[in-house]
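Step one of this worksheet: look at the structure below.
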Amino acid sequence: MVAKRDCDKLNFTVGPVMSSPEILEIGGSQVPYFRTAEFSAVMKENEQIMRELMYAPDGARAVFLTGSGTAAMEAAVMNCLTEQDRAIVVNGGSFGARFAQICQVHGIPYQESRLAAGTALTAEDLAPLEGQGYTAFLVNLGETSTGVLYDLPLIADFCRRNGLFLVVDAISAFLADELNMEQCGAGVVLTGSQKALALAPGISVLMLSEEAQQRIAQHPARCIYFDLSDYLKNMERGQTPFTPAVGILLEMNCRLRELQAVGGAEAEHRRIGALANDFRSKIGDLPFELFAQTPSNAVTALRVTGKTPANEIFETLKNDYDIFVCPNGGELKETVLRVGHIGCLTAKDNDVLIAALRDMMAKGKMIP
3 MVAKRDCDKL NFTVGPVMSS PEILEIGGSQ VPYFRTAEFS AVMKENEQIM RELMYAPDGA
63 RAVFLTGSGT AAMEAAVMNC LTEQDRAIVV NGGSFGARFA QICQVHGIPY QESRLAAGTA
123 LTAEDLAPLE GQGYTAFLVN LGETSTGVLY DLPLIADFCR RNGLFLVVDA ISAFLADELN
183 MEQCGAGVVL TGSQKALALA PGISVLMLSE EAQQRIAQHP ARCIYFDLSD YLKNMERGQT
243 PFTPAVGILL EMNCRLRELQ AVGGAEAEHR RIGALANDFR SKIGDLPFEL FAQTPSNAVT
303 ALRVTGKTPA NEIFETLKND YDIFVCPNGG ELKETVLRVG HIGCLTAKDN DVLIAALRDM
363 MAKGKMIP
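First residue of the sequence shown: 3, per the numbering used here; consecutive thereafter.
Okay, structure coming up:
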């Protein structure tokens with residue numbers, strides 16, 4: 003996605019991200035009526051291409067849920083886990099903590115694998131949990147709040163040895179980092195429209211293995227809107243049980259076709275990885291250091307080593323340069339900011355951001 007665009011602002015956040023002119027044109031069009039054979043065909047094609055991009059196993063089905071990524075996280079827990087499960091939750095940031103909160107609210111017994119912000123998940127972290135009777139494993143593959151990418155092969159091996167049902171939140175990692183649903187044996191993989199798909203926010207996607215579908219069928223959800231069995235039934239005819247974000251699903255069809263045409267998930271993974279590496283190669287003279295031990299391609303978390311707090315750097319970029327990066331909250335508010343590499347961005351955009359940061363230093367707006 004490198005088409006020219008007419009935009010005065012640059013968005014280096016990790017959602018919503020910059021969209022291409024083609025997507026923006028669809029977003030500015032009248033939304034059509036959707037209970038039609040034509041829209042059903044679009045939905046069927048969306049499902050087919052999503053299967054390809056996620057390397058989903060035979061029999062996998064997609065659910066398109068109108069809601070944020072958190073809606074998909076909650077729907078996965080509500081529909082695939084019960085009070086009889088015992089889940090492991092990797093908690094190394096705000097989104098890992100969200101999985102734990104969802105389990106708590108829905109009465110799912112869980113044990114957190116707590117990690118310090120920015121640190122990797124290791125075999126030593128998992129060793130105490132080996133053979134302890136757990137049944138499920140929940141992980142945010144890319145912990146967006148800290149920029150960490152967790153070791154999916156390590157997790158997959160652990161889950162296979164222990165017979166665990168694996169739920170992978172790839173909301174930010176999908177298309178940015180390596181992800182093969184069949185290879186890792188995941189039961190559920192999640193993503194969202196406003197991340198590397200580079201669409202408007204509002205649609206989350208759950209890719210469900212046959213095991214996940216069996217769990218859903220055996221344990222009906224105690225709700226209406228998040229009952230995934232209803233979505234699966236409706237998707238057989240290319241529809242959703244309730245009015246979806248129709249315009250975003252049409253944007254998605256355009257974007258998925260584009261990804262398919264230019265080489266699929268691997269090509270986009272390489273493109274985003276190159277952007278991330280390009281940006282990281284250019285920060286050597288700036289008062290930052292990498293925060294994440296194992297960084298995701300989707301986002302670079304920067305620890306501020308200078309005297310200007312991270313939140314002030316964010317405000318100056320926004321107000322004086324029309325450039326958006328990601329601020330952090332809580333304990334990381336003044337020490338860490340994040341720069342995203344997903345969406346309609348190029349290496350030249352990286353140069354604009356680097357030039358702005360250097361200009362801030364020259365003008366005393368960022369003190370090393």
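Where is the CB? At the ideal position from N, CA and C, for every residue including glycine.
Remember, predicted model here, so these are calculated numbers, not experimental data.
Find out if the Cβ-Cβ distance for the pair residue i, residue j is shorter than 8 Å.
| i | j | result |
| --- | --- | --- |
| THR146 | ALA172 | no |
| LEU12 | ASP324 | yes |
| LEU339 | PHE316 | yes |
| THR68 | ALA223 | no |
| ALA300 | VAL16 | yes |
| ALA64 | MET209 | yes |
| PHE14 | LEU355 | yes |
| ILE51 | VAL79 | no |
Once DSSP output is grouped into helix, strand and coil, what is the label at residue i?
| i | result |
| --- | --- |
| THR318 | helix |
| ILE173 | coil |
| ILE356 | helix |
| ALA5 | Residue placement at ALA5 is flagged as unreliable, the pLDDT there being 44, under the threshold of 50; the coordinate-derived value follows with that caveat. If DSSP states are grouped into helix, strand and coil, ALA5 belongs with coil. |
| THR72 | helix |
| ASN430 | Because the chain in this structure spans residues 3 to 370, residue 430 falls outside the shown range and cannot be described. |
| PHE377 | Nothing can be reported for residue 377: it is not among the residues displayed for the chain, which extend from 3 to 370. |
| ASN330 | coil |
| SER206 | strand |
| VAL19 | coil |
| VAL33 | coil |
| ALA198 | coil |
| PHE290 | strand |
| GLN113 | strand |
| VAL248 | helix |
Taking the alpha-carbon positions, what's the residue i to residue j distance?
| i | j | result |
| --- | --- | --- |
| THR137 | MET56 | 24 Å |
| VAL150 | THR38 | 42 Å |
| GLN262 | ALA198 | 14 Å |
| GLY416 | ALA89 | Residue 416 lies beyond the residue range present for the chain, which begins at 3 and ends at 370; the question has no answer from this structure. |
| MET254 | PRO155 | 29 Å |
| GLU54 | ALA267 | 8 Å |
| GLN106 | SER206 | 22 Å |
| THR72 | ILE369 | 37 Å |
| ALA77 | GLN86 | 17 Å |
| HIS108 | GLN215 | 19 Å |
| LEU359 | VAL306 | 12 Å |
| CYS225 | CYS328 | 34 Å |
| ASN48 | VAL91 | 30 Å |
| ASP353 | LEU288 | 13 Å |
| ARG449 | GLY366 | The structure shown has nothing for residue 449, since the chain only spans 3 to 370. |
| TYR35 | ILE157 | 43 Å |
| ASP322 | ASP361 | 11 Å |
| TYR144 | PHE176 | The amino acid occupying residue 144 in the given sequence is Gly; Tyr does not appear at that position. Rounded to whole angstroms, GLY144 to PHE176 spans 9 Å at the Cα level. |
| CYS82 | PHE326 | 37 Å |
| GLY135 | GLN32 | 53 Å |
Spatial neighbours of residue i within its chain, please: CB distance less than 6 Å, with the 5 preceding and 5 following residues excluded, ordered by chain position.
| i | result |
| --- | --- |
| ALA188 | LEU168 and VAL170 |
| LYS6 | Residue confidence is low: LYS6 scores 42 on pLDDT, short of 50, so the model does not pin down where it sits. No coordinate-derived value is stated. |
| GLY61 | GLU212 |
| PRO297 | GLY149 |
| ASP229 | ALA223 |
| ALA202 | GLY29 and ILE250 |
| GLN113 | ILE90 |
| LEU252 | ILE28 |
| ALA178 | ALA198, ILE274, ASN299, ALA300 and ILE344 |
| ASP280 | ALA349 and ASN352 |
Got a sec? Which residues, its chain only, sit under 8 Å from residue i by beta carbon, not counting five neighbours each side?
| i | result |
| --- | --- |
| ALA200 | MET3, VAL19, MET20, SER21, SER22, ILE25, ARG257, ILE344, GLY345 and CYS346 |
| ARG162 | GLY187 |
| PRO311 | LYS335, GLU336 and THR337 |
| PHE244 | THR68 and TYR227 |
Give every residue of the same chain whose Cβ lies closer than 7 Å to the Cβ of residue i, excluding the five residues on either side of it in the sequence, and list them in chain order.
| i | result |
| --- | --- |
| ALA2 | Beyond the ends of the chain as shown, which are 3 and 370, falls residue 2; an answer cannot be given. |
| ASP351 | LEU12 |
| ALA278 | ASN299, THR302 and HIS343 |
Would you say residue i lies against chain D (beta-carbon separation less than 8 Å)?
| i | result |
| --- | --- |
| ALA62 | Within the model displayed, chain D is absent; a lone protein chain is all it includes. |
Touching by the beta-carbon criterion (3+ pairs, under 8 Å), the region 115 to 130 and the region 174 to 190: When Cβ pairs closer than 8 Å are counted between the two stretches, the region 115 to 130 is seen not to touch the region 174 to 190, the count staying below three.
Inter-stretch contact at 8 Å, needing at least 3 Cβ pairs: the region 95 to 104 / the region 270 to 282: Touching, no, given that fewer than three Cβ pairs across the two stretches are closer than 8 Å.
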